[in-house]
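Here's the structure, in structure tokens; my notes come after.
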Amino acid sequence: MIEVKTPGELEAMRAAGLVVARTLAAVRATAKPGVSTAELDELAEQTIRDAGAVPSFKGYHGFPASICASVNEQIVHGIPAKTQVLADGDLISVDCGAILDGWHGDSAVTLAIGKVSDADLALSAATEAAMWAGIEAVTAGGRLTDISHAVQTAAERAGRDDGVDYGMIVEYGGHGIGRQMHMDPFLPNVGKPGKGPRLKPGMALAIEPMLTGGGGETRELDDGWTVVTADGSRAAHWEHTVAVTEDGPWVLTAPEDA
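With the UniProt record's numbering, the residue at position 123 of the sequence shown is 123, and numbering never jumps.
Next comes the structure, spelled out in structure tokens:
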């Protein structure tokens, strides 16, 4: 079962989504060579709390921080640290969640630190394009795997255009979201269209593709959280929280002026 929200509840989720959008904007402006991921985490937590919200991630199943900061070969769930200092050429994925009045927003961006290689910029752009393709497939009356198929197709198209066989991370994907951060259903980033639950107005989903510049194999570090590429290739991660409406997708975590 996928929870269906009222219009008022979606408005409440939009308010939470705007907190996340403003937090990621603050992180984006601060993420430069010489800045540690712990500093970015402190900034994110302060921004969230200043908005009267609570970080979704901090304490979630024991996670120790307010953002996931995944650098270079780290795909997701990277733990911010004072010793993780950003350097010129790094690629960092920042995943952020906030709870406002009981409702969650969840979004991720990949940021280029200083002068990043063309290959890494293309990887991030391909991942972002796959996310937007998935968002465009959020249609009332459609099926859940229409989104999966759109994400996969866009990623494969970008790979052909870039001349790179991007690795698709299949163990991790999108999810339902609302009064909890992770709800049914799991939303795969690959799949055939026309399968799974039918999408109805009021449903909300987090759409989050992850691509690598190499293979799709992963491993988890000893910290029990950080997931990295098995081959050491770089990774990118983009995510938005999206509501199904009669008029098409509503990106709840988009910036206010987007």
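Ideal placement from N, C-alpha and C gives every residue a C-beta, glycine not left out. Here the structure is a predicted model, which is why all the values come from computation and not from measurement.
- Ranked by how close their Cα comes to the Cα of Gly-167, the residues Leu-100, Thr-139, Ala-155 and Gly-176 have Ala-155 in first place.
- Secondary structure note for Pro-7: its alpha helix (DSSP H) is the uninterrupted segment 7-30.
- With fewer than 16 other Cβ atoms from the protein chains shown falling within 10 Å of its own Cβ, Thr-30 counts as exposed.
- With respect to Ala-51, Val-94 sits apart: the two C-beta atoms are not nearer than 7 Å.
- Distance between Pro-33 and Thr-23, taken at the CA atoms: about 19 Å.
- Remark: C-beta atoms of Ser-233 and Val-190 do not approach each other more closely than 7 Å.
- When the beta-carbon positions are compared, Glu-239 and Ala-206 come within less than 7 Å of each other.
- The continuous alpha helix (DSSP H) containing Glu-136 extends over residues 118-136.
- In this structure, Gly-134 places its C-beta atom within 7 Å of the C-beta atom of Ala-150.
- The DSSP assignment places complete beta strand (DSSP E) segments of no fewer than 3 residues inside the region 204-253 at 204-207, 210-212, 218-220, 227-229, 235-237, 240-245 and 248-251, in order along the chain.
- For Pro-55, the beta-bridge partners assigned by DSSP are Ala-98.
- Here the alpha carbons of Asp-88 and Thr-241 stand approximately 30 Å from one another.
- The criterion of a C-beta distance shorter than 7 Å is satisfied by Ala-235 and Ile-75.
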